[in-house]
Amino acid sequence: MATDDEGDTGQRHRPLRADAQRNEDRLLRAAAAAFAREGADASVKDIAREAGVGVGTLYRRFPSKELLIEATYRHEVRILCEAAPELAAALPPEEALRTWMERFVDFMTTKHGMADALRVVLTDDDERQQTRAHLAAAVGRLLTAGDSEGAVRPQAKAHDVLMALGGISVMADTERRPDLTAPLIDLLLHGILTN
């Protein structure tokens, strides 16, 4: 049975205290940055240090590196999905889409860094499909907002955009050319936007 002191993946029965939640958020941000830089071989000691907490705090929340990787992945997905309505409300459609796409590519960079470990941790096909559906709903919200303002072509489909962004991420990673991301996102937007 999970408690608020166990390194679970969101199955807590009680919310964390405010200070414990801040520590967890810092740990997950530091882990995402470390996994993007160094892959799954990133040091948990370095992650704890970067988060400004002790290694004991990290291990109390995440007793294994696999649990930390899984929690980091889920945290990054949640942040990305929650950003869509905020961006749609705050920015014009082109800027909202561009910002979300850049964040998606950053997320994919983190995911690539954790890819080997994620294959072991996330073995449930239904869960992968659900994650993809959440991400499609997020970009779909941005496309719908843009379409309602006449800024986005109505034939632009969320799953197609996700596939294209995935391709951009893979290409930039494979070529070791992060500078490819911006022009390829521009090209994708050129096909999505009405002008």
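FYI, the numbering for the sequence shown is 1 to 195, going by UniProt numbering.
Ideal Cβ placement from N, Cα and C applies to all residues, glycine included.
No experiment lies behind these values; they were computed from the predicted model shown.
Member of the options whose CA lies at the smallest distance from the CA of residue i
| i | options | result |
| --- | --- | --- |
| ALA117 | GLY52, SER169, LEU67 | LEU67 |
| PRO154 | GLY166, THR181, THR194 | THR194 |
| ASP19 | HIS112, GLY52, ALA32, ALA31 | GLY52 |
| GLY166 | ASP106, GLY150, ARG141 | ASP106 |
| GLU38 | GLU82, ILE69, GLY54 | ILE69 |
| LYS157 | ILE192, LEU184, GLU149 | ILE192 |
| ARG26 | ASP160, GLY54, LYS111, VAL77 | GLY54 |
| HIS159 | GLY140, ILE168, ALA48 | GLY140 |
Cβ-Cβ distance between residue i and residue j below 8 Å
| i | j | result |
| --- | --- | --- |
| ASN23 | THR57 | yes |
| THR109 | ALA36 | yes |
| LEU162 | MET171 | no |
| ALA137 | LEU80 | no |
| GLU50 | ALA32 | no |
| PRO93 | ALA182 | no |
Where residue i falls: helix, strand or coil (DSSP)
| i | result |
| --- | --- |
| LEU193 | strand |
| LEU180 | helix |
| VAL53 | coil |
| THR3 | Note that THR3 has pLDDT 36, beneath the 50 cutoff, so the model's placement of it is unreliable and the number below is only indicative. In this structure, THR3 counts as coil in the three-state DSSP scheme. |
| ALA20 | helix |
Exposure of residue i, with buried meaning 16 or more beta-carbon neighbours within 10 Å
| i | result |
| --- | --- |
| ARG128 | exposed |
| ARG61 | buried |
| MET114 | buried |
| SER64 | exposed |
| ALA84 | buried |
| residue 238 | Nothing in the structure corresponds to residue 238, since the chain is present only between 1 and 195. |
| GLU76 | buried |
| SER43 | exposed |
On the three-pair Cβ rule with 8 Å, is the segment 137-155 touching the segment 79-91? yes
If contact is defined by three or more beta carbon pairs under 8 Å, each pair taking one atom from either stretch, is the segment 183-193 in contact with the segment 94-101? yes
Three or more C-beta pairs under 8 Å: does that hold for the segment 131-138 against the segment 172-182? no
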